[in-house]
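Sequence order for the protein chains is B and A.
One point on numbering: in the numbering used here, the residue at position 69 of the first sequence is 69, and numbering is uninterrupted.
In short: position in the second sequence from 1, add 1000, done, that's the numbering used here.
Note that beta-carbon positions come from the ideal geometry of N, C-alpha and C, so glycine has one too.
What follows is one structure encoded as structure tokens, with my remarks underneath.
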Amino acid sequence: MSKPKLYLFAIGGTGSRVLRSLTMLLATGVKTNTEKIIPMIIDTDINNGDVEKCRNIIKNYNEIHDTIYNGVREDEGQGEFFRTKIMPPRELNISGTDYGTLRDMVSYNSLDGKGFGKTKSLFDLLYSDANKDMPLEKGFLGNPNVGSVVLKNVVESQVFKEFTQDFSQNDRIFIVSSIFGGTGAAGFPLLLNVFRDEMSKLNNGNFLNNAIIGGVSVLPYFQVDVDKFNSGESAINSSTFITKTKAALAYYNRNLKQLVNAMYYVGDTRQSSYENNDGGVEQKNPSNFIELTAASAVLDFLDYEKNAATKDDLQNVSKFFEFGIDLDTGVVDLNHVKRDSLKEQLLHFHYYNVYVSNFMKDALKNEKLAWRNELKLSSNYHTQNFYKALKKFTSVHYYRWLIELSMDQHDRKFLPFDVSIMINKEEIAKDVSGVLPVNTVVGAKKLFTLVTGVPASDTSNFFKKDSIKYDEELSKIAQEVVALQYGSTERTLHTLLNKGIQNIIEERYVL
Amino acid sequence: MENFYFLFEDLENWDIWEEVGYSAGFIILITTSLLINLIYYIFLGRKSMRYSTMGKWFLFGVINFMLVFLITIAVEGVTIFNLSFGDFFPKLWIFTIINAIYGFVLYALLSIVFKRFSIYSKFIPVKF
Chain B
1 MSKPKLYLFA
11 IGGTGSRVLR
21 SLTMLLATGV
31 KTNTEKIIPM
41 IIDTDINNGD
51 VEKCRNIIKN
61 YNEIHDTIYN
71 GVREDEGQGE
81 FFRTKIMPPR
91 ELNISGTDYG
101 TLRDMVSYNS
111 LDGKGFGKTK
121 SLFDLLYSDA
131 NKDMPLEKGF
141 LGNPNVGSVV
151 LKNVVESQVF
161 KEFTQDFSQN
171 DRIFIVSSIF
181 GGTGAAGFPL
191 LLNVFRDEMS
201 KLNNGNFLNN
211 AIIGGVSVLP
221 YFQVDVDKFN
231 SGESAINSST
241 FITKTKAALA
251 YYNRNLKQLV
261 NAMYYVGDTR
271 QSSYENNDGG
281 VEQKNPSNFI
291 ELTAASAVLD
301 FLDYEKNAAT
311 KDDLQNVSKF
321 FEFGIDLDTG
331 VVDLNHVKRD
341 SLKEQLLHFH
351 YYNVYVSNFM
361 KDALKNEKLA
371 WRNELKLSSN
381 YHTQNFYKAL
391 KKFTSVHYYR
401 WLIELSMDQH
411 DRKFLPFDVS
421 IMINKEEIAK
431 DVSGVLPVNT
441 VVGAKKLFTL
451 VTGVPASDTS
461 NFFKKDSIKY
471 DEELSKIAQE
481 VVALQYGSTE
491 RTLHTLLNKG
501 IQNIIEERYV
511 L
Chain A
1001 MENFYFLFED
1011 LENWDIWEEV
1021 GYSAGFIILI
1031 TTSLLINLIY
1041 YIFLGRKSMR
1051 YSTMGKWFLF
1061 GVINFMLVFL
1071 ITIAVEGVTI
1081 FNLSFGDFFP
1091 KLWIFTIINA
1101 IYGFVLYALL
1111 SIVFKRFSIY
1121 SKFIPVKF
């Protein structure tokens, strides 16, 4: 049986941020039981900064993936960086600007005239005037009751129809949403009901009805500045997050638990503090450890009952998972990560990025360097697109992601690696555009202390100074890698980097 | 052998030069240059990248030059011409300098052969 495709619905701002962390995890080379991941972004706030960041990172990821793995068999290169294919996100974005307000959208003022007087009364019962007059261009601002009406239009969209046409028998669906906001809380139940509706007239409706569906529901993990809500500058009030969560969980328990096959819950009592921006380009919340755990739920779901093609093949109709850490600490590092494969991949990927950002350019310019000559790289390789894409992913996306995860505004930071090598953190924190590259300085000694709390083994003594030599390791294995005859310079270079970094980590770390 | 040392024209002790002098110098030249190439490309060049630069390669050429010079003057002076310490035999000095220069040239030529057996210095001094 071929591997399934995963249709990943990322709803709202949290959905996009989880997708961003997932892309980073996939870049580390974690093995996934999927042919490809097809992100489906649902957000009415089309200018949302988090969505834009997500688009950019996936675009850069794909530039690298496609250059390396174009024409490569699915089972080859498993575990290598950037191995899993992520398709460019399909955006089911119904622009709130087109609808104006909920009142406009349902033609409220003409309901009486059309003979829908009772409907109008019911509408009045369910929606306050504030709900009815809320502009929809920035999402549902914590009002899932509004979202549940507006998002129904997603199902009518062309992109959704294309998705149903492409859906095959053993494909899986995963839905990422927050439970305490507006868009996510409204979108998750709506999608589940659509997929499981046996009377539905969707294309491939039978496949969709029987598909294995998973979801991660992100419980409150941040709070926003309440003053802005009180002064009317923002419509987001984080003091209602818990109440909304309780209500939504009760609803899920009553109505959804039989519809979803694997449900993950993640949340945190230690909360981050964000600026209160109710959507738009300004909404660029920093990456958060909880989003990373939600992203790891996606990987877990792909491994969940691997051999099951439909929900009827599952041993349990529904299973519920929670994420936990052993120690309630404010700083989470690699030692707290239980999944060994993930820990190793993160470590490998970090050393890879340090090489790309700080040493690779000099290596590519060194005409006498053995590995560079074994691979017959041109003298201007450092100016070519592939190297530029690698460098961009490292300095614009990866390091920024690490900086964001370790920001002081998180009461629980994820600090797997020493971020002191990143010298323009303040500038990065202020950069709303998200395109400013992170500058790093890494000396020979620093290479031993890149991992928080886990120094690399150092055999230095009075007579001998030990050092971590990337180019020496790469040169040592270059001939062997070239002999694999991949037929593509980029694939060969990428394999060389993967194997070389792996050897360095095996020599220096015991995890 | 005197053809190989065409840069050197001796008028004294011709027999000795012809019988042993040239051959001894040539053997010293070959052995030392082979040894230095062996050390540079096989021993060090497969062990560490530390020496894989043009500067280090040149340094080993200079070491070869000096070794050839020292061994030639010692062996030729003491063993072949039975000179005692302090004697000045200008022809021997000229021969030794020429042998040392040949040493550097031979080191460079042998590098082309030996470099392929190295890992880290495979593209030193030239890329092909």
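In terms of DSSP beta bridges, what is residue i paired with?
| i | result |
| --- | --- |
| Lys36(B) | Lys5(B) and Lys85(B) |
| Ala262(B) | Gly214(B) and Lys319(B) |
| Phe417(B) | Val451(B) |
| Pro135(B) | Thr101(B) |
| Lys42(B) | In the sequence as displayed, the identity of residue 42(B) is Ile instead of Lys. Note: Ile42(B) sits in a beta bridge opposite Ile11(B). |
| Glu91(B) | Ile41(B) |
| Met422(B) | Thr440(B) |
How far does the alpha helix (DSSP H) with residue i in it reach, from first residue to last?
| i | result |
| --- | --- |
| Gln502(B) | Thr489 to Arg508 |
| Tyr1051(A) | It is not in any alpha helix (DSSP H) - Tyr1051(A) carries neither H nor E in the DSSP assignment. |
| Ser273(B) | Here Ser273(B) belongs to no alpha helix (DSSP H); instead the beta strand (DSSP E) covers Ser272 to Tyr274. |
| Phe1089(A) | Where Phe1089(A) is concerned, there is no enclosing alpha helix (DSSP H), given that its DSSP letter is neither H nor E. |
| Val155(B) | Lys152 to Glu156 |
| Ala248(B) | Phe241 to Asn255 |
| Tyr49(B) | With the sequence shown as reference, residue 49(B) is identified as Gly, and Tyr is not the correct amino acid for it. Run containing Gly49(B): Gly49 to Tyr69, per the alpha helix (DSSP H) assignment. |
| Arg519(B) | The structure shown has nothing for residue 519(B), since chain B only spans 1 to 511. |
| Ala363(B) | Met360 to Lys365 |
| Ala514(B) | An answer regarding residue 514(B) cannot be provided, because it is not within the stretch 1 to 511 covered by chain B. |
| Phe123(B) | Gly117 to Leu126 |
| Ala429(B) | Lys425 to Lys430 |
| Lys465(B) | Premise fails: Lys465(B) is in no alpha helix (DSSP H) and is neither H nor E. |
| Arg412(B) | Unbroken run through Arg412(B): none, as it is neither H nor E. |
| Arg400(B) | Tyr399 to Leu405 |
Which first and last residues belong to the beta strand (DSSP E) in which residue i is found?
| i | result |
| --- | --- |
| Gln223(B) | Phe222 to Val224 |
| Phe1022(A) | What sits at residue 1022(A) in the sequence shown is Tyr, not Phe. Element bounds for Tyr1022(A): not the beta strand (DSSP E) but the alpha helix (DSSP H), Tyr1022 to Asn1037. |
Secondary structure at residue i, three-state DSSP: helix, strand or coil?
| i | result |
| --- | --- |
| Pro286(B) | coil |
| Phe174(B) | strand |
| Glu198(B) | coil |
| Thr440(B) | strand |
| Val1068(A) | helix |
| Arg20(B) | helix |
| Val1062(A) | helix |
| Arg1116(A) | helix |
| Val331(B) | strand |
| Glu1019(A) | helix |
| Val106(B) | coil |
| Ser433(B) | coil |
| Phe1008(A) | coil |
| Thr293(B) | helix |
| Asp112(B) | coil |
| Asp129(B) | helix |
| Asn204(B) | coil |
| Asn1003(A) | coil |
| Glu74(B) | coil |
| Pro1125(A) | coil |
| Gly184(B) | helix |
Assuming residue i and residue j are in contact, meaning their beta carbons sit under 8 Å apart, how far apart are those beta carbons, in whole angstroms?
| i | j | result |
| --- | --- | --- |
| Gly500(B) | Leu474(B) | 4 Å |
| Tyr1051(A) | Ser1121(A) | 7 Å |
| Ala10(B) | Val216(B) | That belief does not hold up - the Cβ atoms of Ala10(B) and Val216(B) are roughly 10 Å apart, past 8 Å. |
| Lys257(B) | Ser318(B) | 6 Å |
| Val531(B) | Val337(B) | With chain B covering 1 to 511 only, the question about residue 531(B) has no answer from this structure. |
| Thr84(B) | Ile37(B) | 6 Å |
| Leu6(B) | Ile41(B) | Leu6(B) to Ile41(B), Cβ: 14 Å. No contact. |
| Lys311(B) | Asn261(B) | 5 Å |
| Glu291(B) | Val18(B) | 5 Å |
| Thr394(B) | Ser357(B) | 5 Å |
- Message: Three Cβ pairs or more, each shorter than 8 Å: is that satisfied between the segment 74-89 of chain B and the segment 21-36 of chain B?
- Response: Taking a cut-off of 8 Å on C-beta distances, the segment 74-89 of chain B touches the segment 21-36 of chain B, as three or more cross pairs fall below it.
- Do the segment 205-217 of chain B and the segment 161-181 of chain B touch if we need at least three Cβ pairs shorter than 8 Å? Verdict: yes, contact present.
- Query: Is there contact here, the segment 317-326 of chain B with the segment 46-56 of chain B, by at least three beta-carbon pairs under 8 Å?
  - Reply: The segment 317-326 of chain B is not in contact with the segment 46-56 of chain B.
- Message: Could you check whether the segment 60-76 of chain B touches the segment 385-394 of chain B, counting it as contact only if at least three pairs of C-beta atoms, one from each stretch, sit closer than 8 Å?
- Response: The answer is yes - the segment 385-394 of chain B touches the segment 60-76 of chain B, with three or more Cβ pairs under 8 Å.
- For the segment 1017-1029 of chain A against the segment 1095-1113 of chain A, are there 3 or more C-beta pairs whose distance is under 8 Å? yes
- At least 3 beta-carbon pairs within less than 8 Å: the segment 182-198 of chain B vs the segment 7-22 of chain B: Segments in contact, yes.
- Message: Three Cβ pairs or more, each shorter than 8 Å: is that satisfied between the segment 479-498 of chain B and the segment 371-379 of chain B?
- Response: They touch, by the three-pair rule.
- Three CB pairs or more closer than 8 Å across the segment 1014-1022 of chain A and the segment 401-414 of chain B: Judged by Cβ distances under 8 Å, the segment 1014-1022 of chain A makes no contact with the segment 401-414 of chain B, as fewer than three pairs qualify.
- Message: Any contact between the segment 1088-1098 of chain A and the segment 344-355 of chain B? By contact I mean 3 or more CB pairs, one from each, below 8 Å.
- Response: The segment 1088-1098 of chain A makes no contact with the segment 344-355 of chain B: fewer than 3 CB pairs, one atom from each, lie closer than 8 Å.
- Task: Kindly confirm or deny that the segment 188-203 of chain B and the segment 244-259 of chain B touch, where touching means at least three C-beta pairs closer than 8 Å.
- Result: yes
- Message: Within 8 Å, do at least three Cβ pairs link the segment 460-479 of chain B to the segment 359-372 of chain B?
- Response: yes
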